[in-house]
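Numbering (this note's numbering), first residue to last: 5 to 289.
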């Protein structure tokens with residue numbers, strides 16, 4: 005079977021299974037199996053796949069048809085130009101979170117003397133901490149997570165990018181994981197922000213494969229922001245900043261949550277689709 009025949013047969017099959025962008029999905033799987041850039045497939049439409057290649061590809065297609073995320077099947081995803089390993093241990097990095105990482109390293113890059121310190125609160129795959137360490141090379145970066153499995157994944161990703169010595173990882177539940185006496189110029193977080201009852205309505209790729217603990221923000225989706233608003237201030241240096249990602253329609257509630265805890269909300273940043281996505285605040289207490 006040729007590359008073109010596989011694309012033509014598999015695209016409608018994946019579409020019937022509810023997979024978005026089915027042609028792109030099969031092309032990306034083919035590109036990995038054949039170890040070539042996706043666009044190069046168009047110069048190799050007549051290439052016939054060997055039997056071992058077909059076996060691997062069929063297994064990948066079968067997994068995608070069950071709505072397993074493509075990132076899990078391929079084993080990684082791109083985040084801020086960095087290849088990040090993914091697994092069911094942690095939330096798959098989203099494109100909108102790249103803006104959070106970018107704003108974080110931009111802030112830290114202005115504070116080099118003494119070296120700026122940052123904490124990625126709930127690091128998951130480690131993508132935010134790794135992007136910060138890569139783009140703010142003088143910063144001291146810390147990352148914490150309650151999940152042992154997620155931390156193992158984050159450490160492996162840091163090692164892949166030669167940043168294992170640049171990021172200090174902490175295991176534990178929330179602020180209890182932070183060593184006594186530590187404070188930071190920046191606390192950055194992409195916390196769970198889906199309301200508990202809404203999780204069942206999510207796409208299968210998210211609902212069935214992302215860890216629930218990385219999705220479930222409590223009854224109204226805002227539980228973790230209340231935790232941060234109440235407790236993060238004591239871990240920030242004077243003039244330190246908090247940056248958090250949030251979901252659609254949550255901006256107004258978040259501003260109130262943080263204002264009620266005496267934070268000064270400096271900015272609500274829109275993502276690339278013009279939706280409010282990031283809150284930046286400093287403690288006013």
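Every residue, glycine too, gets a C-beta built ideally from N, C-alpha and C.
Contacts around residue 153, its chain only, beta-carbon distance under 7 Å, and the 5 residues preceding and following it disregarded: 93
Host beta strand (DSSP E) of residue 146 (start-end): 144 to 149
Paired residues, beta bridge with residue 80 - DSSP: 89
Boundaries (first-last residue) of the beta strand (DSSP E) holding residue 55: Segment 55 to 69 is the alpha helix (DSSP H) holding residue 55; no beta strand (DSSP E) there.
Counterpart residues of residue 188 in DSSP-defined beta bridges: 240
Environment of residue 252 [buried if 16+ CB atoms lie within 10 Å]: exposed
For residue 280, the three-state DSSP class (helix, strand or coil): strand
Close Cβ partners of residue 265 (< 7 Å) along its chain, the five nearest in sequence each way excluded: 233, 234
Element boundaries [beta strand (DSSP E), containing residue 228]: Segment 227 to 235 is the alpha helix (DSSP H) holding residue 228; no beta strand (DSSP E) there.
The segment 21 to 34 contacting the segment 61 to 75, beta-carbon criterion three pairs below 8 Å: yes
Beta-carbon separation (whole angstroms), residue 226 vs residue 178, contact threshold 8 Å: Actually they do not touch by this definition, with Cβ atoms about 15 Å apart.
Close Cβ partners of residue 59 (< 7 Å) along its chain, the five nearest in sequence each way excluded: none
C-beta atoms of residue 30 and residue 6 nearer than 8 Å: no
Residues near residue 287 by beta carbon distance below 8 Å, same chain, minus five either side: 236, 237, 240, 244, 246, 266, 267, 268
Residue 161, buried or exposed, once every other Cβ within 10 Å from all chains shown has been counted against 16: buried
Residue 102, buried or exposed, once every other Cβ within 10 Å from all chains shown has been counted against 16: buried
Presumed contact (8 Å Cβ cut-off) between residue 108 and residue 190, rounded CB distance: 6 Å
Distance, residue 41 Cα to residue 125 Cα: 35 Å
Three or more C-beta pairs below 8 Å linking the segment 200 to 212 and the segment 78 to 88: no
Beta-bridge pairing of residue 40 - partner residues as DSSP gives them: DSSP, once it has assigned bridges, lists no residue as partnering residue 40.
Pair within 8 Å by beta-carbon distance, residue 100 and residue 275: yes
Cα-Cα separation, residue 131 to residue 13: 35 Å
Where residue 26 falls, given that 16 or more other Cβ within 10 Å makes a residue buried: buried
Alpha helix (DSSP H) segment containing residue 214, residue limits: Careful: residue 214 lies outside any alpha helix (DSSP H) and carries neither H nor E.
Pairwise C-alpha distance: residue 142 and residue 212: 39 Å
Buried or exposed by the 16-neighbour rule on C-beta atoms within 10 Å, applied to residue 138: buried
Coarse secondary structure for residue 49, derived from DSSP in three states: coil
Nearest candidate by alpha-carbon position, reference residue 90, set 281, 186, 262, 128: 128
Neighbour-count burial assignment, residue 146, 16 or more Cβ in a 10 Å radius: buried
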